[in-house]
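Letter 228 of the sequence shown, counting from 1, is numbered 1723 in the numbering used here, and no numbers are missing.
Ideal Cβ placement from N, Cα and C applies to all residues, glycine included.
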Amino acid sequence: MSAPWLSAQTNVVPGAPAVIEAKHGELGISDWLLRMHEASRKRAYIGTFVVSSGANMSSARIWHVCDGDLQMERVESLSGAPRSTFRRNEQVITFLPESKTALSEKRESLGLFPDLLKSADSSIEQFYAAKQTGSERVAGFDADVVVLQPKDALRFGYRVWSEKKSGLVVKLQTLNVDGHVVEQAAFSELQLDAPVSMGKLTQMMGNTEGYRVEKPELVKTTAIAEGWTMKSTVAGFKSMSCYKRPVSAPDGANPESTMQWIFSDGLASVSLFVEAFDRRRHVQEGSMTIGATNTMTRRLSYKTGDWWLTVVGEVPRNTLIAFSQGLERKK
């Protein structure tokens, strides 16, 4: 649940309004998730949210507005290096004032926590269960407290505070296999149905004067086309998308690319980054944990050459190991 979250694609399911009208006590996990998801897409809001894990804390200010299928967001970092990010549906531009650089790219989501649902899939009920445990106030709003409990050790659980009237997620805790909080995100201040101007956000997003605009090349592909497959799947996780992007190479060397293969179980997502092994950059295999995000690197050796795998996801480390062991070179 780091900001931004690693995200897979988001789909809208017909019939959501009927779900929102259901009594809360009757909602199953798919109903709860759809209610939360629809609230994040259909409500305008302005707020300040804080993400914390251990001794680390970051905060940002967000403006969100929607008009039918058009979604716009502006996010200003309040901690760390200055950064302003704008999203208009899949088009995202990030302004970095210190380097006077603007990164323009297509991205399916900013990964901000109000949009908890990664993909709408009825199979999510096979791997998670939902239980309403009470009500609390967050940022001045009454919220239902719902625990999303995993049914195996391959995924984390979540404790969610959903604003009673709209369903918007106002607070979210990620829970490890022991039920301990490893990361938390929450609005410290929130204005629902705020007067956010889509026209003004559009104007600000397009004002790149004084900035060097960079457009990272991102090519949609398939793992099979890149010569990779999963010889063994990880329960509940489905392939969502696959991209490749160029990486810098030494002078005179052939240009290389990195493949990113994204999987999701509907809530959690895992990304596999695969690139040609470079002994100057890829020195040591290892693993790292920051909040709910685990990262693992591994060298893959085949007769045709060596590769470097980086697996990243807000899942237990054993899940990353399962992905790394399942990946196989086919050509």
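Pick out whichever of the options has its Cα sitting closest to the Cα of residue i.
| i | options | result |
| --- | --- | --- |
| M1735 | S1766, W1723, S1547 | S1766 |
| N1702 | G1781, K1798, S1599 | S1599 |
| D1526 | L1795, V1769, Y1623 | Y1623 |
| L1573 | R1582, S1683, L1565, V1664 | S1683 |
| R1602 | A1576, S1618, Q1566 | Q1566 |
| E1639 | L1804, P1741, A1648, K1666 | The sequence given here places Asp at residue 1639; Glu does not occur at that position. Minimum Cα distance to D1639 is reached at K1666. |
| R1794 | E1809, V1810, G1694, R1776 | R1776 |
| F1818 | V1769, Q1779, R1774 | V1769 |
| S1752 | T1580, W1803, T1728, E1631 | W1803 |
| A1539 | R1530, P1690, Q1698, W1656 | P1690 |
| D1562 | R1530, G1575, D1688, F1636 | D1688 |
| R1632 | K1659, K1646, F1581 | K1659 |
| Y1706 | A1550, A1534, I1588, R1530 | I1588 |
| F1581 | K1595, I1524, G1575, M1699 | M1699 |
| I1541 | A1550, R1774, Q1686 | Q1686 |
| G1731 | S1579, S1764, V1778 | S1764 |
| G1575 | M1754, F1758, N1551, K1739 | N1551 |
On the three-state DSSP scale, how would you describe residue i?
| i | result |
| --- | --- |
| D1673 | coil |
| A1771 | strand |
| D1647 | coil |
| H1777 | coil |
| E1516 | With a pLDDT of only 39 at E1516, under 50, the local geometry of the prediction cannot be trusted, and the value read off the model is given with reservation. DSSP places E1516 in coil when its eight states are reduced to three. |
| A1624 | strand |
| E1809 | coil |
| D1526 | helix |
| I1492 | No statement about residue 1492 is possible, as the shown extent of the chain runs from 1496 to 1826 and does not include it. |
| A1730 | coil |
| K1537 | helix |
| K1695 | helix |
| A1634 | coil |
| A1817 | helix |
| G1761 | coil |
| G1701 | helix |
| K1825 | coil |
| I1785 | strand |
| I1619 | helix |
For residue i, which residues of its own chain have a beta-carbon under 6 Å away from its beta-carbon, when the five flanking residues on both sides are left out?
| i | result |
| --- | --- |
| V1642 | K1626, T1628, R1654 |
| R1583 | M1567 |
| C1737 | T1716, T1717, A1718, W1756 |
| S1646 | It should be noted that the sequence gives Lys, not Ser, for residue 1646. Within the same chain, K1646 has close Cβ partners F1622. |
| M1754 | E1721, K1739, V1769 |
| S1579 | E1571, F1590 |
Have a look at residue i and residue j and give me their C-alpha separation to the nearest angstrom.
| i | j | result |
| --- | --- | --- |
| S1782 | T1814 | 13 Å |
| T1792 | I1719 | 21 Å |
| E1620 | G1652 | 13 Å |
| A1771 | I1557 | 38 Å |
| V1807 | Q1586 | 23 Å |
| P1811 | D1760 | 14 Å |
| N1789 | A1648 | 15 Å |
| L1663 | T1805 | 33 Å |
| H1675 | V1708 | 42 Å |
| D1801 | V1714 | 23 Å |
| I1816 | D1673 | 19 Å |
| S1657 | G1523 | 14 Å |
| M1693 | T1784 | 38 Å |
| D1637 | E1809 | 28 Å |
| Q1779 | S1796 | 14 Å |
| D1564 | D1773 | 44 Å |
| K1595 | R1530 | 40 Å |
Spatial neighbours of residue i within its chain, please: C-beta separation below 8 Å, excluding the five flanking residues on both sides.
| i | result |
| --- | --- |
| P1466 | In the structure as shown, the chain begins at 1496 and stops at 1826. Residue 1466 is therefore absent and cannot be evaluated. |
| V1677 | S1548, F1651, T1669, L1670, N1671, G1786, A1787 |
| A1829 | Nothing about residue 1829 can be read from this structure; the chain reaches only from 1496 to 1826. |
Whole-angstrom Cβ separation of residue i and residue j, contact assumed at under 8 Å?
| i | j | result |
| --- | --- | --- |
| V1546 | A1680 | 5 Å |
| G1722 | K1825 | 5 Å |
| P1741 | E1712 | 6 Å |
| S1553 | T1543 | Incorrect: roughly 11 Å between the Cβ atoms, too far for contact. |
| V1570 | L1696 | With a Cβ gap of about 11 Å, V1570 and L1696 do not count as contacting. |
| E1823 | K1733 | Between K1733 and E1823 the Cβ distance is about 18 Å, and since that is not below 8 Å, they are no contact. |
| S1630 | A1534 | Incorrect: roughly 17 Å between the Cβ atoms, too far for contact. |
Can you give me the Cβ contacts of residue i inside the same chain, cut-off strictly under 7 Å, excluding the 5 residues immediately before and after it?
| i | result |
| --- | --- |
| G1821 | M1725, K1726, S1727, T1728, V1729 |
| K1537 | C1561 |
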